[in-house]
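Chemist: In the numbering used here, the protein residues as written are 20 to 167.
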């Protein structure tokens, strides 16, 4: 436990320096929680039980971290080649910032700053879900290998 605490403190200190804004975040933006209806050209978010104020870069970093998938069986196996490339992330972040700011004027520097924040906060996402899995492994009544 003390090792986890020490690692958390180090990570927290580094992330604090990034000054990522605190917003209302979903905090569990795996692709299954983002529903696109082509007919209406509408995106809907579902599964809000972890929604709370958090750093903007955490929510996006967590979203990107979910791309490889979850699961241990062959059908749902994790595939790290699905992690979004730098180019994909930069394009995604540009559109995100345009929508977030309500303006098409977003500089390359704005995108690069958010890219760096997001990829550092992705570490916090991994840390959170690792702790979550350890807790689930100890206390959950669901028949699932949370540690695998």
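The C-beta atom is built at its ideal place from N, Cα and C for all residues, glycine as well. It should be emphasised that the depicted structure is a prediction, and the values quoted were computed from it without experimental measurement.
According to DSSP, is residue 61 part of a helix, a strand, or is it coil?
Modeler: Sequence index remark: in the chain shown, residue 61 carries index 42 (1-based). Looking at residue 61 - three-state DSSP - the assignment turns out to be strand.
Chemist: When the Cα of residue 30 is compared with those of 138, 41, 60 and 165, which residue comes out closest?
Modeler: Translated into the one-based positions of the chain shown, residue 30 becomes position 11. It is 138 whose Cα lies nearest to the Cα of residue 30.
Chemist: Between residue 109 and residue 81, how many whole angstroms is the CB-CB distance? I'm expecting something under 8 Å.
Modeler: One-based indexing of the chain shown puts residue 109 at position 90. One-based indexing of the chain shown puts residue 81 at position 62. Going by Cβ atoms, the distance from residue 109 to residue 81 rounds to 18 Å, so no, they are not a contact pair.
Chemist: Quick one: grab the DSSP three-state call for residue 73.
Modeler: Counting from 1 along the chain shown, the entry for residue 73 is found at position 54. Correct three-state label for residue 73: strand.
Chemist: For residue 44, write down the residues that DSSP places opposite it in a beta bridge.
Modeler: Within the chain shown, the letter at position 25 stands for residue 44. Paired residues: 71.
Chemist: Alpha carbon to alpha carbon, how far is residue 131 from residue 117? Give it in angstroms, no decimals.
Modeler: Sequence index remark: in the chain shown, residue 117 carries index 98 (1-based). Sequence index remark: in the chain shown, residue 131 carries index 112 (1-based). C-alpha separation (whole angstroms): 14 Å.
Chemist: In the DSSP assignment, the alpha helix (DSSP H) including residue 54 goes from what residue to what residue?
Modeler: Residue 54 sits at position 35 when you count from the first residue of the chain shown. First-last for residue 54: 53-56, but that is the beta strand (DSSP E), not the alpha helix (DSSP H).
Chemist: Between the Cα of residue 74 and those of 160, 141 and 166, spot the shortest distance and give me the residue it belongs to.
Modeler: Residue mapping note: residue 74 aligns to position 55 of the chain shown, counting from 1. The option with the nearest alpha carbon to residue 74 is 141.
Chemist: Do you know offhand how far residue 121's Cα is from residue 113's?
Modeler: Within the chain shown, the letter at position 102 stands for residue 121. Within the chain shown, the letter at position 94 stands for residue 113. Approximately 12 Å between the Cα atoms of the pair.
Chemist: Taking DSSP as the reference, what is the three-state secondary structure of residue 135?
Modeler: Residue mapping note: residue 135 aligns to position 116 of the chain shown, counting from 1. Reduced to three states, the DSSP call for residue 135 is helix.
Chemist: Nearest CA to the CA of residue 105: which residue from 84, 162 and 65?
Modeler: As a working note, residue 105 is residue 86 in the chain shown. Out of 84, 162 and 65, 84 has the C-alpha closest to the C-alpha of residue 105.
Chemist: In or out: residue 156 buried (at least 16 other Cβ within 10 Å) or exposed?
Modeler: Sequence index remark: in the chain shown, residue 156 carries index 137 (1-based). It is exposed - the Cβ of residue 156 has fewer than 16 other Cβ atoms within 10 Å.
Chemist: Starting from residue 115 and walking both ways along the alpha helix (DSSP H), at which residues does that stretch end?
Modeler: By one-based count along the chain shown, residue 115 stands at place 96. Its alpha helix (DSSP H) spans residues 105-120.
Chemist: Helix, strand or coil: how does DSSP classify residue 83 here?
Modeler: Position 64 of the chain shown holds residue 83. DSSP places residue 83 in helix when its eight states are reduced to three.
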